[in-house]
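Colleague:
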Amino acid sequence: MSLLTALPIANRQIPWAIFAISVVTLGAALAFEHIGGLDPCSLCLQQRYAYYFLIPVSLAAGVLSRETNLGLAPVVLITLCTLAAAASVILAGYHAGVEYKWWEGPQGCTGVNLMAGSIDEFRQQLDGVTVPRCDEVPWSLFGISMAGYNCLISILLTALGSIALARYWTMTGLEEE
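When the letters of the sequence shown are read in order and numbered with our numbering, they come out as residues 30 to 206.
(1) So, using beta-carbon positions, are residue 122 and residue 180 closer together than 7 Å?
(2) Let me confirm a value: residue 196 is counted as buried when at least 16 other C-beta atoms fall within 10 Å, else exposed. Which label applies?
(3) I need the straight-line Cα distance from residue 73 to residue 41, nearest angstrom please.
(4) Going residue by residue through the segment 143–197, where are the continuous alpha helix (DSSP H) segments of at least 4 residues, counting only ones entirely within it?
(5) Would residue 125 and residue 177 qualify as a contact pair, given that the criterion is a beta-carbon distance under 7 Å?
(6) Which of helix, strand or coil does DSSP assign to residue 128?
(7) Contact defined as beta carbons within less than 8 Å: I believe residue 128 pairs with residue 174. What is the distance between those atoms, to the nearest angstrom?
(8) Hey, would you say residue 93 sits closer than 7 Å to residue 113, going by beta carbons?
(9) Looking at C-alpha atoms only, which residue of 137, 104, 61 is the closest neighbour of residue 199?
(10) Taking the alpha-carbon positions, what's the residue 119 to residue 110 distance?
(11) So, at 6 Å on beta carbons, what are the nonlocal neighbours of residue 90 in its own chain, with the 5 sequence-adjacent residues on each side left out?
(12) Going straight from the alpha carbon of residue 58 to that of residue 169, what length do you get?
(13) Give me the Cα-Cα distance between residue 190 and residue 117, rounded to the nearest whole angstrom.
(14) What three-state label does DSSP hand residue 141 in the structure shown?
(15) Excluding the 5 residues preceding and the 5 following residue 6 in the sequence, name in chain order all residues of the same chain whose CB lies nearer than 7 Å to its CB.
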């Protein structure tokens, strides 16, 4: 039994799994921000771009899927999802490494747009600003930060997309060419 056949999910369901996982992940990040009051740093915000891409693209792939054969258009869309998830692994892994002090983070973690008519107004605005730092962990569970969980979730999404693509190549005989 290979990994391709061991996974108890049909190819036509994989885009829906990617869609559901992406919606829940992005929803959790937004809930932590808007309900939990955890302001995201610039790297946190950048990590969301993958999910803004994954949600509509995986939805389109799910709608276009037919039976057990993904067909050409969904395969292209799943390929794009897999690449976006892989990019998310890299960015989330980088951010987790910054949080765990494995390497240096970006010099200017975030920028703040301040508009002031005078130096005194500018100073007042600066006094009220707290900028989230990329190298601090605002929340963790079992010693894993949100960036760490995002890295793990992105690995799962990359694996799901890769399995769907490998199954497609196996079904069409592309692996022998």
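Using N, Cα and C, we set each Cβ at its ideal position, and we do this for glycine too. Just so you know, these numbers come straight off a predicted model, no measurement behind them.
Modeller: If we stick to the structure as given:
(1) As a first step, residue 122 is located in the sequence shown; it is residue number 93 there, counting from the start. As a first step, residue 180 is located in the sequence shown; it is residue number 151 there, counting from the start. Yes.
(2) Translated into the one-based positions of the sequence shown, residue 196 becomes position 167. Result: buried.
(3) Indexing the sequence shown from 1 puts residue 73 at position 44. Indexing the sequence shown from 1 puts residue 41 at position 12. Taking the straight line from one Cα to the other gives about 31 Å.
(4) 148–156
(5) Locating residue 125 in the sequence shown gives position 96, where the first residue counts as 1. Locating residue 177 in the sequence shown gives position 148, where the first residue counts as 1. Yes; because the gap between Cβ atoms is below 7 Å, this pair is in contact.
(6) Along the sequence shown, read from residue 1 onward, the residue named residue 128 stands at position 99. DSSP places residue 128 in helix when its eight states are reduced to three.
(7) As a working note, residue 128 is residue 99 in the sequence shown. As a working note, residue 174 is residue 145 in the sequence shown. Contact holds; Cβ gap of about 5 Å.
(8) In the sequence shown, the residue the question calls residue 93 occupies position 64. In the sequence shown, the residue the question calls residue 113 occupies position 84. Taking 7 Å as the Cβ cut-off, residue 93 and residue 113 do not qualify as a contacting pair.
(9) Within the sequence shown, the letter at position 170 stands for residue 199. Cα-wise, what sits closest to residue 199 is 104.
(10) The residue you call residue 119 lines up with position 90 of the sequence shown. The residue you call residue 110 lines up with position 81 of the sequence shown. Roughly 14 Å between the two C-alpha positions.
(11) Residue 90 sits at position 61 when you count from the first residue of the sequence shown. The answer, listed in chain order, is 44, 103, 106, 107.
(12) Taking the sequence shown and counting its residues from 1, the one referred to as residue 58 is at position 29. Taking the sequence shown and counting its residues from 1, the one referred to as residue 169 is at position 140. Cα to Cα, residue 58 sits roughly 13 Å from residue 169.
(13) Position 161 of the sequence shown, counting from 1, holds the residue named residue 190. Position 88 of the sequence shown, counting from 1, holds the residue named residue 117. Computed Cα separation, rounded: 13 Å.
(14) Counted from its first residue, the sequence shown places residue 141 at position 112. Confidence in residue 141 is poor, its pLDDT being 49 and thus under 50, which makes the residue's placement too unreliable to answer from.
(15) With the chain represented from 30 up to 206, any question about residue 6 goes unanswered, as that position is not in the structure.
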